Amino acid sequence: MLTKRIIPCLDIKDGRTVKGVNFEQLRDAGDPIELAALYAQEGADELVFLDITATIEKRKTLSQLVNKIAHRINIPFTVGGGIKTEEDVSILLQNGADKISINSAAFLDPTIINRFAKNFGSQCVVLAIDTKLEADGNWYVYLNGGRQKTDSLTTEWAKKAVDLGAGEILLTSMNHDGTKQGFALDITATLSSQLAVPIIASGGGGTAAHFYDVFTTGKADAALAASIFHYKEVPIPDLKKYLHQKGVSIRI
Amino acid sequence: MKTVIIQYNAGNIQSVLYALERLGETALVTDDANEIKTADKVIFPGVGEASTAMQYLKERKLDLLIKNLEQPVLGICLGMQLMCTHSTENNTPCLGIFEEQVKQFKPLDATIKVPQIGWNTISNLKSILFEGIPENSYAYFVHGYYAATGAHTIATTNYVEDYSSALQKNNFYGVQFHPEKSALIGEQLIKNFLAL
Chain A
3 MLTKRIIPCL DIKDGRTVKG VNFEQLRDAG DPIELAALYA QEGADELVFL DITATIEKRK
63 TLSQLVNKIA HRINIPFTVG GGIKTEEDVS ILLQNGADKI SINSAAFLDP TIINRFAKNF
123 GSQCVVLAID TKLEADGNWY VYLNGGRQKT DSLTTEWAKK AVDLGAGEIL LTSMNHDGTK
183 QGFALDITAT LSSQLAVPII ASGGGGTAAH FYDVFTTGKA DAALAASIFH YKEVPIPDLK
243 KYLHQKGVSI RI
Chain Y
392 MKTVIIQYNA GNIQSVLYAL ERLGETALVT DDANEIKTAD KVIFPGVGEA STAMQYLKER
452 KLDLLIKNLE QPVLGICLGM QLMCTHSTEN NTPCLGIFEE QVKQFKPLDA TIKVPQIGWN
512 TISNLKSILF EGIPENSYAY FVHGYYAATG AHTIATTNYV EDYSSALQKN NFYGVQFHPE
572 KSALIGEQLI KNFLAL
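Below you can see the structure in the form of structure tokens.
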């Protein structure tokens, strides 16, 4: 049976792992390669690396880092941050990334989803959406790391992106990110029910029970978290054992 | 020992090379007919679309070359599918090494996502390729098309229905999952293949 996936996320800045709380206040959480190898060994199902510097001059550094990661770990990984062109994607895939993640660039020019899917296959195109529940009761798309609001509804943008060829949706709730109070179950379940591609839930995972909730009530295919793994608040082996005991299909 | 990874217009080829390098092995990534023919082991990887891949192989006469190889050959993912007779992905005639047919997953309801992405179990293991790999081990899959079960099935996986997660006929082996991304189980399978 296909299992639910546990995905540690490593935010990378200048070659080091950092984690923002509510997209601010960055803290250094170590060497990304060592951390990645540890997670792979502990049973992480996939890894995501988001380069939050992602300036043009740093991109070469990122591809070198990706190459080192690919030589070290034996599970799939996704790389995101500042990807805009086919050449960006090609370099990352050639250096061993399995998937790439795109966010604001895809919103501003949705044709890149189609172009990337056609050139590299939908299976390697992850569309990341930062979303926020507003007072009007709707979930809206935010850009540029959550700094810029748009008038687009998350459900509509996600559907369009899947139609264009996105192979997975990485959904981060800004209301929940950094709170450790649980994932956004309603919007995750809505997208998972409406879309034919896997949904990776992100933002708010603080306890093992939160992961259980997002895999059951939230209907997520995968769940992503960062600092609770980086600071060993929820060790991956314990989390997977807990989910397995609760009857969730999980790789242990 | 000389191991060759066939270079063609499909993705994920480098990942297979890096997996071999993690195991302390080396391999040559090439589309050169002579290099492929003279290799001890041939790996035919790939992630992508069947018809464009077959067209590329035909243009370079790699289709006939692969079919006629006599050393151990391991197809991975699209590579395995291309070793079958036919794929419904753009109605593509394939290499015809395995008689099994390649079809698209037809989900019974909206809870089943296509492509299948993630870790699933491999069962009914029957080949030297799975030496030291326990029944119902987890392997990493990314695919929207699958090979039906048949005479050459050496492992099965269930997604929508039971299908061939590995095939073998004589010196030809194929795995639908990605051993290069399947943690320790995948590394064991690669070692087993290289030891054939």
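Just so you know, the sequences run in chain order A and Y. Numbered by the numbering used here, the letters in the first sequence go through residues 3 to 254 in order. Numbered by the numbering used here, the letters in the second sequence go through residues 392 to 587 in order. Even for Gly, the Cβ is constructed at its ideal location relative to N, Cα and C. Since this is a predicted model, take the numbers as computed values, not measurements.
Starting from Pro10 (chain A), trace the beta strand (DSSP E) both ways and give me its first and last residue. Against the first sequence, residue 10 (chain A) aligns to sequence position 8. Here the beta strand (DSSP E) through Pro10 (chain A) covers Arg7 to Lys15.
Between the region 430-445 of chain Y and the region 499-509 of chain Y, are three or more C-beta pairs nearer than 8 Å? no
To the nearest whole angstrom, what separates the beta carbons of Val216 (chain A) and Thr190 (chain A), a pair I think is in contact under 8 Å? Locating residue 216 (chain A) in the first sequence gives position 214, counting from the first residue. Locating residue 190 (chain A) in the first sequence gives position 188, counting from the first residue. 6 Å between Cβ atoms; contact.
Of all the residues that make up the region 401-429 of chain Y, which are near chain A by a beta-carbon distance shorter than 8 Å? Gly402, Asn403, Gln405, Ser406, Tyr409, Ala410, Glu412 and Arg413
Please report whether the beta-carbon of Asn549 (chain Y) lies at a distance below 8 Å from any beta-carbon of chain A. The sequence position of residue 549 (chain Y) within the second sequence is 158, counting from 1. Yes, because at least one Cβ of chain A sits closer than 8 Å to the Cβ of Asn549 (chain Y).
How is Leu460 (chain Y) classed by DSSP in three states: helix, strand or coil? What you label residue 460 (chain Y) is simply residue 69 of the second sequence in a count that begins at 1. The DSSP-derived three-state label of Leu460 (chain Y) is coil.
For chain A, is any of its Cβ atoms less than 8 Å away from the one on Val566 (chain Y)? Working through the second sequence from its first residue, we reach residue 566 (chain Y) at position 175. No, because no Cβ of chain A sits closer than 8 Å to the Cβ of Val566 (chain Y).
Quick check: the Cα distance between Leu37 (chain A) and Ala211 (chain A), rounded to an integer number of angstroms? As a working mapping, residue 37 (chain A) is identified with position 35 in the first sequence. As a working mapping, residue 211 (chain A) is identified with position 209 in the first sequence. Going from the Cα of Leu37 (chain A) to the Cα of Ala211 (chain A) covers about 24 Å.
How would you label Asp371 (chain Y), buried or exposed, when you count the other beta carbons within 10 angstroms and need 16 or more for buried? In the structure displayed, chain Y extends from 392 to 587; residue 371 (chain Y) sits before or after that span and is not available.
Separation of Ile8 (chain A) from Tyr233 (chain A), as counted between CA atoms: As a first step, residue 233 (chain A) is located in the first sequence; it is residue number 231 there, counting from the start. As a first step, residue 8 (chain A) is located in the first sequence; it is residue number 6 there, counting from the start. Approximately 16 Å, taken between the alpha carbons.
To the nearest angstrom, how far is it from the Cα of Glu136 (chain A) to the Cα of Tyr409 (chain Y)? By one-based count along the first sequence, residue 136 (chain A) stands at place 134. By one-based count along the second sequence, residue 409 (chain Y) stands at place 18. Roughly 45 Å between the two C-alpha positions.
Say whether the region 532-541 of chain Y touches the region 484-500 of chain Y, bearing in mind that this needs 3 or more beta-carbon pairs closer than 8 Å, one atom from each stretch. yes
Cβ of Glu578 (chain Y) less than 8 Å from any chain A Cβ? Looking up residue 578 (chain Y) in the second sequence gives position 187. By this cut-off, Glu578 (chain Y) is an interface position.
Name the DSSP beta bridge partners of Tyr531 (chain Y), please? The residue given as residue 531 (chain Y) occupies position 140 in the second sequence. Paired residues: Y:Trp510.
6 Å CB neighbourhood of Leu64 (chain A) in its chain, flanking five on each side removed: Counted from its first residue, the first sequence places residue 64 (chain A) at position 62. Within the same chain, Leu64 (chain A) has close Cβ partners Asp53.
Helix, strand or coil at Asp53 (chain A) [DSSP, three-state]: By 1-based counting over the first sequence, the position of residue 53 (chain A) is 51. Asp53 (chain A): strand per DSSP, three-state reduction.
Rounded to the nearest angstrom, what separates Arg413 (chain Y) and Lys70 (chain A) at their Cα positions? Locating residue 413 (chain Y) in the second sequence gives position 22, counting from the first residue. Locating residue 70 (chain A) in the first sequence gives position 68, counting from the first residue. Distance between the alpha carbons of Arg413 (chain Y) and Lys70 (chain A): 11 Å.
Of all the options A:Val50, A:Val20, A:Ile35 and A:Val143, which has the alpha carbon lying nearest to the alpha carbon of Leu226 (chain A)? Within the first sequence, numbered from 1, the residue matching residue 226 (chain A) stands at position 224. It is A:Val50 whose Cα lies nearest to the Cα of Leu226 (chain A).
Backbone secondary structure at Leu155 (chain A) - three-state DSSP: Position 153 of the first sequence, counting from 1, holds the residue named residue 155 (chain A). Residue state, collapsed to three classes: strand.
Anything in the region 483-513 of chain Y with a Cβ closer than 7 Å to a Cβ of chain A? List those residues in chain order, please. Flagged, chain order: Ala501, Lys504, Val505, Pro506, Gln507, Ile508, Gly509, Trp510, Asn511 and Thr512.
Going along the region 117-132 of chain A in order, which residues come within less than 8 Å of chain Y, judged by CB to CB distance? Cβ contacts with chain Y come from Phe122, Gly123, Ser124, Gln125 and Cys126.
Straight-line gap, Asp132 (chain A) to Leu173 (chain A) (C-alpha atoms, nearest Å): Numbered from its first residue, the first sequence carries residue 132 (chain A) at position 130. Numbered from its first residue, the first sequence carries residue 173 (chain A) at position 171. In a straight line, the C-alpha of Asp132 (chain A) is about 6 Å away from that of Leu173 (chain A).
Which bits of chain Y does Leu95 (chain A) rub up against, with CB to CB less than 9 Å? Within the first sequence, the letter at position 93 stands for residue 95 (chain A). Per Cβ cutoff of 9 Å: Gly402, Asn403, Gln405 and Ser406.
8 Å Cβ shell around Gln27 (chain A) - same chain, five flanking residues per side excluded: Here the question's residue 27 (chain A) lines up with position 25 in the first sequence. Any answer about Gln27 (chain A) is weak, because its pLDDT of 35 lies below 50 and its placement is not dependable; what the coordinates show is given next. Excluding residues within five positions, none has a Cβ falling inside 8 Å.
Same chain only: Cβ atoms within 6 Å of Leu411 (chain Y), ignoring 5 sequence neighbours per side: Translated into the one-based positions of the second sequence, residue 411 (chain Y) becomes position 20. Within the same chain, Leu411 (chain Y) has close Cβ partners Ala418.
Look at the alpha carbon of Leu580 (chain Y) and the alpha carbon of Gly402 (chain Y), and state the distance between them as a whole number of angstroms. For the purposes of this step, residue 580 (chain Y) is taken as residue 189 along the second sequence, with counting starting at 1. For the purposes of this step, residue 402 (chain Y) is taken as residue 11 along the second sequence, with counting starting at 1. So the alpha carbons of these two residues sit roughly 21 Å apart.
Would Pro78 (chain A) count as contacting chain Y if we go by Cβ distances under 8 Å? Walking along the first sequence from the start, residue 78 (chain A) turns up at place 76. With 8 Å as the cut-off, Pro78 (chain A) counts as an interface residue toward chain Y.
Buried or exposed: Gly139 (chain A), going by 16 or more other Cβ atoms within 10 Å of its Cβ? Indexing the first sequence from 1 puts residue 139 (chain A) at position 137. By the 10 Å Cβ count, Gly139 (chain A) comes out exposed.
Just to check my reading of the structure: Gln567 (chain Y) and Met471 (chain Y) have Cβ atoms closer than 8 Å, yes? What is that Cβ distance to the nearest angstrom? For the purposes of this step, residue 567 (chain Y) is taken as residue 176 along the second sequence, with counting starting at 1. For the purposes of this step, residue 471 (chain Y) is taken as residue 80 along the second sequence, with counting starting at 1. Sure, about 6 Å apart at Cβ, within 8 Å.
Tell whether a beta-carbon distance below 8 Å holds between Ile434 (chain Y) and Leu465 (chain Y). The residue given as residue 434 (chain Y) occupies position 43 in the second sequence. The residue given as residue 465 (chain Y) occupies position 74 in the second sequence. Going by C-beta atoms, Ile434 (chain Y) is nearer than 8 Å to Leu465 (chain Y).
Does the beta carbon of Glu235 (chain A) sit closer than 8 Å to a beta carbon anywhere in chain Y? For the purposes of this step, residue 235 (chain A) is taken as residue 233 along the first sequence, with counting starting at 1. So no, Glu235 (chain A) is outside the interface.
Is Tyr536 (chain Y) close to chain A? Criterion is C-beta to C-beta, closer than 8 Å. Here residue 536 (chain Y) refers to the residue found at position 145 when the second sequence is read from its first residue. Judged by the 8 Å Cβ criterion, Tyr536 (chain Y) is not in contact with chain A.
Pick out whichever of A:Asn76, A:Leu197, A:Ala72 and A:Gln183 has its Cα sitting closest to the Cα of Leu129 (chain A). The count along the first sequence starts at 1 and reaches residue 129 (chain A) at position 127. Just measuring C-alpha positions, the residue of A:Asn76, A:Leu197, A:Ala72 and A:Gln183 sitting nearest Leu129 (chain A) is A:Leu197.
Contact set between Met176 (chain A) and chain Y, taken where Cβ atoms lie within less than 7 Å: Here residue 176 (chain A) refers to the residue found at position 174 when the first sequence is read from its first residue. Simply none; closest approach about 25 Å.
Distance, Glu578 (chain Y) Cα to Arg29 (chain A) Cα: For this step, residue 29 (chain A) is matched to residue 27 along the first sequence. For this step, residue 578 (chain Y) is matched to residue 187 along the second sequence. In this prediction, Arg29 (chain A) scores a pLDDT of 44, lower than 50, which makes its location untrustworthy; the coordinate-derived value is nonetheless stated afterwards. About 35 Å.
Here's the rule I'm using: 16 or more other beta-carbon atoms within 10 Å means buried, otherwise exposed. How should Thr544 (chain Y) be labelled? Counting from 1 along the second sequence, the entry for residue 544 (chain Y) is found at position 153. Answer is buried; the Cβ neighbour count reaches 16.
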